[in-house]
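Protein chains in written order, with this note's numbering: chain U, -2 to 67; chain P, 133 to 284. Worksheet for the structure shown next.
The following block contains the structure:
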């Protein structure tokens, strides 16, 4: 039986940190074996979701964190 | 003025990353660290040093600390300060590292003749980073704490 490979990432609610999330999740998707264009799609969607969380959900309060799991 | 965030009341900017103990996933930590360091203003050659050091530390954690058990986690903390980046790599410590180990430059000729060509990691990390500390993490695993200074 194989264990599900999982990663967790969290960062402060400051614009710019979505770029780091983008790179980390992109590398994770490549490790799993996703094709380049699908990795790009994933990164674009992820950036949007992170920016939303930073700006709207957490109202740009750096003390609040954005958590992501994949 | 103190840089200590607990004294000044500023919030530490920390990125926390948790990875499965499988070789290859060190790339995730390398790409996250490199992206943060570039954003902080580190020069390209220092970003490369950092990537190599992170790769070695995470690979050590996967291979030695967690003995390739994929269910075990490697936790990487990246703390961005005004003039430095602190990277902590922590495993779950199945096999503990020798904390008193003082790395020496490996004998390259000797290494080539040996079956095991590994064991350069800690030495490399010491060579590439400005500060290195190997300790036992609060959870009992190994913790490698590395600091790279931002010179403007």
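Virtual Cβ for every residue (Gly too), placed ideally from N, Cα, C. Since this is a predicted model, take the numbers as computed values, not measurements.
Buried or exposed (CB count within 10 angstroms, at least 16 for buried), residue 191/P: Counting Cβ neighbours within 10 Å, residue 191/P comes out buried, since at least 16 surround it.
Cβ of residue 264/P within 8 Å of any chain U Cβ: So no, residue 264/P is outside the interface.
Nearest candidate by alpha-carbon position, reference residue 22/U, set 58/U, 55/U and 46/U: Closest option to residue 22/U, judged by alpha-carbon separation, among 58/U, 55/U and 46/U: 46/U.
At least three beta-carbon pairs within less than 8 Å, the stretch 195 to 202 of chain P to the stretch 46 to 62 of chain U: The stretch 195 to 202 of chain P is not in contact with the stretch 46 to 62 of chain U.
CB contact below 8 Å: residue 28/U versus chain P: At least one chain P Cβ lies under 8 Å of residue 28/U.
Contained alpha helix (DSSP H) runs [length at least 4] in the stretch 141 to 184 of chain P, N- to C-terminal order: Listed in chain order, the complete alpha helix (DSSP H) runs (minimum 4 residues) inside the stretch 141 to 184 of chain P are 158 to 172.
CB contact below 8 Å: residue 143/P versus chain U: The beta carbon of residue 143/P falls within 8 Å of a beta carbon belonging to chain U, placing the residue at that interface.
Best match in 2/U, 6/U and 10/U for proximity to residue 58/U [C-alpha to C-alpha]: Checked all of 2/U, 6/U and 10/U; the closest Cα to residue 58/U is 10/U.
Test: residue 218/P CB closer than 8 Å to a CB of chain U: Taking CB atoms only, residue 218/P has no neighbour in chain U less than 8 Å away.
Bounding residues of the alpha helix (DSSP H) (the contiguous stretch that carries residue 31/U): Per DSSP, residue 31/U belongs to no alpha helix (DSSP H) and is neither H nor E.
Separation of residue 255/P from residue 53/U, as counted between CA atoms: Roughly 45 Å separates the two Cα atoms.
Any C-beta of chain P under 8 Å from that of residue 17/U: Using a Cβ-Cβ cut-off of 8 Å, residue 17/U counts as an interface residue toward chain P, since at least one Cβ of chain P sits closer than that to its own.
Backbone secondary structure at residue 62/U - three-state DSSP: In the three-state reduction of the DSSP assignment, residue 62/U falls in the strand class.
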